[in-house]
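First to last, the sequence lines map onto chains A and V. The first sequence lines up with residues 2 to 336 when you count with the numbering used here. The second sequence lines up with residues 2 to 336 when you count with the numbering used here. From the three backbone atoms N, C-alpha and C, an ideal C-beta is built for every residue, glycine too. Report on one structure; see the data block that follows.
There are 2 protein chains.
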Amino acid sequence: MSQNRQFILKRRPDGEPVPEDFALETETRPQIGDGQFLIRNHYASLDPAIRGWMDDRESYAPPIPLGEPVRATTIGVVEESRAKGFEEGMWVMGLNGIADYSVAEAGGFTQPIDADAVPSVTNYLSLFGAVGMTAYFGFLDVCEPKEGDTVLVTGAAGAVGSLVGQIAKIKGCTVIGIAGGPEKCARLTERYGYDSAIDYRGKDYEALVAAIGEAAPDGLDIIFENVGGDILDAGLMNLRLGARIGLCGLISEYNSPPVGARNLWQLIVHRARIQGLLVPDYLPRFGEGAQAMGEWAAAGKLVVDEHIDEGIENAFDAFMRLFEGSNQGKMILKI
Amino acid sequence: MSQNRQFILKRRPDGEPVPEDFALETETRPQIGDGQFLIRNHYASLDPAIRGWMDDRESYAPPIPLGEPVRATTIGVVEESRAKGFEEGMWVMGLNGIADYSVAEAGGFTQPIDADAVPSVTNYLSLFGAVGMTAYFGFLDVCEPKEGDTVLVTGAAGAVGSLVGQIAKIKGCTVIGIAGGPEKCARLTERYGYDSAIDYRGKDYEALVAAIGEAAPDGLDIIFENVGGDILDAGLMNLRLGARIGLCGLISEYNSPPVGARNLWQLIVHRARIQGLLVPDYLPRFGEGAQAMGEWAAAGKLVVDEHIDEGIENAFDAFMRLFEGSNQGKMILKI
């Protein structure tokens with residue numbers, strides 16, 4: 002290809018992103034300089050965190066500049082190289098852009114990956130990537146599970162949640178999942194091994210409090226929180242003494258002003274904690290996490306689902322699945 | 002006295018307590034049975050937590066029954082006894098009622114105290130009581146301060162806050178306090194040794210965010226939170242990586258529906274935590290805390306202020322000082 006299609010951020014979304022916030026633009030295939038290499042991107046990881054990078058506010062990562070491709074973790078093949086250690090034909094993964102091509106530099110965030118070591122190279126975006134490592138370290142390190150603990154996972158059928166639920170079962174916990182719709186709830190118990198599932202659709206705050214209370218009559222030792230809003234507030238009303246809440250995401254508020262949690266006073270009542278987590282902190286331990294996840298997967302204890310939409314022209318619709326909840330597994334775009 | 006005046010909870014307050022929620026009732030001095038003793042209450046500790054016990058909701062302590070005296074920690078003298086270990090004339094402290102007399106039992110929450118061991122017996126309600134131990138363990142155990150940390154204390158001139166600020170200085174931290182009004186702010190820096198003071202009065206959320214940012218340009222390692230609402234949300238916008246928030250109280254919301262914290266997403270950005278705390282958990286370690294606090298006080302490193310209002314007929318006004326912020330130090334009622 003001599004052309005480079007790019008999924009460009011044209012303006013900052015006001016609340017929920019709309020198609021007009023983006024544009025598919027085509028430029029000439031970029032040139033590389035000394036120390037650089039050209040990646041033909043094959044897959045892009047679509048994550049809720051990307052929504053935050055579209056805003057013009059300080060966070061752990063800088064905002065995506067307007068007029069630039071939407072930032073995402075991508076997997077691709079080196080097509081040209083003037084950088085040591087990155088040879089033509091090599092598979093690489095890095096924080097690049099949703100585009101046919103990206104230019105990267107040696108010593109940056111882009112690293113070689115071994116496509117032959119895994120069942121599918123896309124597993125580097127799920128089981129062995131940020132998603133898998135978030136589930137592994139976010140649950141084991143931040144939530145400190147003990148055998149017999151009662152665990153609530155919100156966003157339980159999502160990329161991270163479905164892995165957390167399965168790890169919790171491996172660790173001997175009783176696991177309750179919250180998800181949207183009967184299909185997803187069936188997946189929780191039938192495919193991921195959750196002990197019970199709560200469908201949040203059609204339930205107001207009071208009904209959520211009651212449903213969690215019914216599923217966990219003795220209360221929750223752990224919440225792995227991906228959602229926020231009423232779902233988090235309902236979880237907080239069902240804590241046990243010394244509960245640990247791992248705060249992984251707040252997808253319910255990414256397209257609107259933050260609401261946080263009203264029932265913070267429950268932390269005092271139950272001497273509980275909310276601890277924020279972000280996976281890059283565990284980079285030095287990714288090897289440990291990947292090995293454990295790989296062994297569990299190989300032993301059939303862990304299933305990983307990937308939802309792959311095709312075509313860069315479908316980037317917007319594919320990304321919005323995360324907020325509609327219409328994806329089944331880790332959301333990936335095949336470019 | 003043959004009569005027993007009692008500060009009775011007549012109905013549950015709807016939001017802010019009003020005088021009509023209470024009544025001063027007089028009954029005959031109660032009789033004791035076997036294993037019981039009669040306490041002549043001299044002092045009652047007025048604490049924000051009492052407001053929570055007036056509501057009809059489950060918490061760490063049961064609601065105060067309607068028609069009964071308002072529950073409080075009191076200090077008094079045993080006037081009659083049919084219980085082993087509790088002799089007439091002995092000073093005792095326990096969770097009893099705001100009344101001239103309480104009947105208690107051996108083996109309950111009421112324990113003897115040594116009035117001669119402290120400068121004033123009321124110190125058992127401040128420095129050596131729940132207030133002092135909340136400051137000591139809540140700060141050292143939950144917030145894990147390190148030398149050089151930047152610490153924000155909210156409700157900084159209050160009974161707990163003023164002690165936390167001083168302990169933080171003893172531990173080599175830079176300490177910022179938030180309080181209401183210029184007088185209290187002057188007390189923070191002049192009397193308690195805070196490095197700087199922020200007057201929250203007349204400041205909206207944005208102004209609070211800016212004021213904290215100015216006082217702590219590199220961000221906060223620790224927040225010791227007594228207040229909640231906009232003050233907590235503004236603190237959350239000024240965190241450093243790995244910040245620890247000790248959640249001791251949320252006095253701003255005790256008379257209204259809970260608001261919690263909107264800016265919970267900042268916990269993810271900064272991998273920070275909010276940990277609820279409640280002092281009874283540290284009962285087995287009170288000896289350790291009391292010794293440290295006593296030594297610091299004796300060495301002139303720690304000042305403790307007590308605000309003592311007199312007369313059970315003034316119980317309502319004295320209690321409401323906690324929410325008006327018109328007390329200067331630990332609020333105590335001399336019955």
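Distance between glutamine 112(A) and tryptophan 92(A), taken at the CA atoms: about 9 Å. For arginine 192(A), the closest C-alpha among the options Asn42(A), Gln329(A), Lys335(A), Ser3(A) is that of Gln329(A). The Cβ neighbour count for serine 257(V), taken over all protein chains shown within 10 Å, is under 16; the residue is labelled exposed. Listed in chain order, the beta strand (DSSP E) elements of length 3 or more contained wholly in the region 235 to 320 of chain A are 240 to 248, 274 to 277, 307 to 311. For aspartate 282(A), at least one C-beta of chain V is nearer than 8 Å to its own C-beta.
One Cα belongs to proline 183(V), the other to aspartate 200(V), and the distance between them is close to 7 Å. Take glutamate 89(A), set aside five residues on each side of it, and the residues of its chain with a beta-carbon closer than 7 Å to its own are Val79, Glu80, Glu81, Ser82, in chain order. Its Cα nearest to that of arginine 263(A), the residue Gly230(V) stands out among Met332(V), Gly230(V), Phe87(V), Thr75(V). Taking 8 Å as the threshold, the shortest C-beta distance from valine 93(A) to chain V does not fall below it.
Comparing alpha carbon positions, the residue from Thr74(A), Asp142(A), Glu226(A), Asn124(A) closest to valine 154(A) is Glu226(A). Under DSSP, tryptophan 92(A) forms a beta bridge with Val78(A). Isoleucine 51(V) carries a helical assignment under DSSP once its states are collapsed to helix, strand and coil.
Straight across, the Cα-Cα distance linking threonine 27(A) with leucine 67(A) is about 16 Å.
Counting C-beta atoms within 10 angstroms of its own C-beta, valine 19(V) has fewer than 16 neighbours from the protein chains shown and is therefore classed as exposed. Taken atom to atom, the span from the alpha-carbon of histidine 271(V) to that of glycine 312(V) is near 49 Å. As the crow flies, the alpha-carbon of arginine 202(V) is around 54 Å from that of alanine 293(A). The C-alpha of glycine 156(A) lies about 16 Å from the C-alpha of leucine 221(A). Counting along the chain, glycine 109(A) sits inside no beta strand (DSSP E), nor does DSSP assign it H or E at all. The alpha carbon of leucine 189(A) has as its nearest neighbour, out of Met321(A), Asp310(A), Leu303(A), the alpha carbon of Leu303(A). Taking a C-beta cut-off of 8 Å against chain A, the contacting residues of the region 258 to 274 of chain V are Pro258, Pro259, Val260, Gly261, Ala262, Arg263, Asn264, Leu265, Trp266, Gln267, Leu268, Ile269, Val270, His271, Arg272, Ala273, Arg274, listed in chain order. If you look at threonine 190(A), you'll find it in the alpha helix (DSSP H) that goes 183 to 191. Only residues of its own chain outside the window of five on either side were considered, and among them Val161, Cys249, Val280 have a CB closer than 7 Å to the CB of threonine 135(A), listed in chain order. Identification of residues in the region 55 to 67 of chain V having a C-beta nearer than 9 Å to some C-beta of chain A yields Glu59, Ser60, Tyr61, given in sequence order. By alpha-carbon distance to alanine 300(A), the top candidate from Val132(A), Ser127(A), Leu39(A), Gln167(A) is Gln167(A).
Residue environment analysis places glycine 108(A) among the exposed positions, since fewer than 16 neighbouring C-beta atoms fall within 10 angstroms of its C-beta.
At least one CB of chain A lies nearer than 8 Å to the CB of glycine 277(V).
Burial is judged here by how many other beta carbons sit within 10 angstroms of a residue's own beta carbon; phenylalanine 110(V) has fewer than 16 and is exposed. Scanning its chain for C-beta atoms nearer than 6 Å, with the 5 sequence neighbours on each side dropped, one finds around glutamate 17(V) the residues Asn256, in chain order. Close CB contacts of leucine 242(A) within its chain, under the 7 Å cut and outside five residues either way in sequence, are with His271, Arg272 (chain order). As DSSP reads the structure, aspartate 200(A) sits in a beta bridge with Ala180(A). Chain A places a beta carbon closer than 8 Å to that of leucine 248(V), counting this residue as a contact.
Under a criterion of Cβ atoms nearer than 9 Å, the residues of chain A adjacent to leucine 251(V) are, in order, Leu265, Trp266, Ile269.
The secondary-structure analysis by DSSP pairs tyrosine 102(A) across a beta bridge with Arg41(A). Distances from the CA of leucine 141(V) to each of Arg245(V), Leu265(V), Ser121(V) were compared; the closest alpha carbon is that of Arg245(V). Here the alpha carbons of leucine 233(A) and tyrosine 195(A) stand approximately 19 Å from one another. Arginine 72(V) counts as buried, since no fewer than 16 other beta carbons sit within 10 angstroms of its beta carbon.
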